[in-house]
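**Student:** Here the sequence shown is numbered in this note's numbering, starting from 1 and rising by one per residue.
The structure that follows is given in the form of structure tokens.
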Amino acid sequence: MIIESIKKYKWEGKKALIVEDDPTAAFLLSEILHHTCMQVETVNSGLEAVEKCKTDPSIDVVLLDLQIPGISGFEAATMIKQVREDLPIIAQSAYALIEEKERAIEAGCDAHISKPINAFDLLAAINHFLDAGDLPLL
Numbered sequence: 001m002i003i004e005s006i007k008k009y010k011w012e013g014k015k016a017l018i019v020e021d022d023p024t025a026a027f028l029l030s031e032i033l034h035h036t037c038m039q040v041e042t043v044n045s046g047l048e049a050v051e052k053c054k055t056d057p058s059i060d061v062v063l064l065d066l067q068i069p070g071i072s073g074f075e076a077a078t079m080i081k082q083v084r085e086d087l088p089i090i091a092q093s094a095y096a097l098i099e100e101k102e103r104a105i106e107a108g109c110d111a112h113i114s115k116p117i118n119a120f121d122l123l124a125a126i127n128h129f130l131d132a133g134d135l136p137l138l
């Protein structure tokens with residue numbers, strides 16, 4: 001039933017960049033998106049994410065863990081927006097504090113989803129940006 005609900009999203013030809021250093025979390029996100037026919041690429045650091053966004057114009061959305069090694073997710077978001085201003089970034093964090101959400105938005109993230117990730121919330125956020133363009137999801 002859950003998979004059938006996920007399959008209503010058809011994103012063939014779209015691509016997500018997952019920025020996540022936890023292999024289990026990255027796998028979970030990939031599995032959710034696999035059922036939507038979306039292409040997925042995974043990196044595990046902020047610098048890799050920035051470089052990938054610079055060199056791969058086919059990325060349609062970034063799923064960014066804020067607590068990653070090296071530069072923080074906040075710094076990575078700011079750097080990504082400098083090279084791809086229109087690229088939607090959905091921040092993910094185990095910390096659901098209002099201050100962190102505000103800081104993520106200030107850094108350039110377009111939405112914030114708390115961990116553990118709810119598949120339906122994630123898909124609704126992605127769908128918002130793929131369908132609505134650059135409107136922020138607050």
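Glycine included, each C-beta is placed from N, C-alpha and C at the ideal position.
1. In its own chain, which residues sit with a C-beta less than 6 Å from the C-beta of I126, not counting the 5 before and 5 after it?
2. How far does the alpha helix (DSSP H) with V24 in it extend, from its first residue to its last?
3. Please look up how many angstroms separate the CB atoms of A25 and L66, rounded, as I've assumed it's under 8 Å.
4. Give the list of continuous beta strand (DSSP E) stretches no shorter than 3 residues that lie fully inside the stretch 30-112.
5. Hey, how far is the Cα of A111 from the Cα of T36?
6. What do you get for L122, buried or exposed, if any count of 16 or more other CB atoms within 10 angstroms of its CB means buried?
7. What are the boundary residues of the beta strand (DSSP E) that I18 is part of?
8. In whole angstroms, what is the alpha-carbon distance linking V43 and S30?
9. Report the option in E106, K15, H34 whose CA atom is closest to the CA atom of M79.
10. Pull up the distance between the alpha-carbon of L28 and that of A77, whole angstroms please.
11. Could you give the DSSP three-state label for N118: helix, strand or coil?
12. Is I18 near G46, with beta carbons less than 7 Å apart?
**Tutor:** In this structure, then:
1. V61
2. The question names Val, but residue 24 in the sequence shown is Thr. Segment 23-34, the alpha helix (DSSP H) holding T24.
3. Going by Cβ atoms, the distance from A25 to L66 rounds to 12 Å, so no, they are not a contact pair.
4. 39-43, 61-65, 89-93
5. 20 Å
6. buried
7. 15-19
8. 12 Å
9. E106
10. 22 Å
11. coil
12. no
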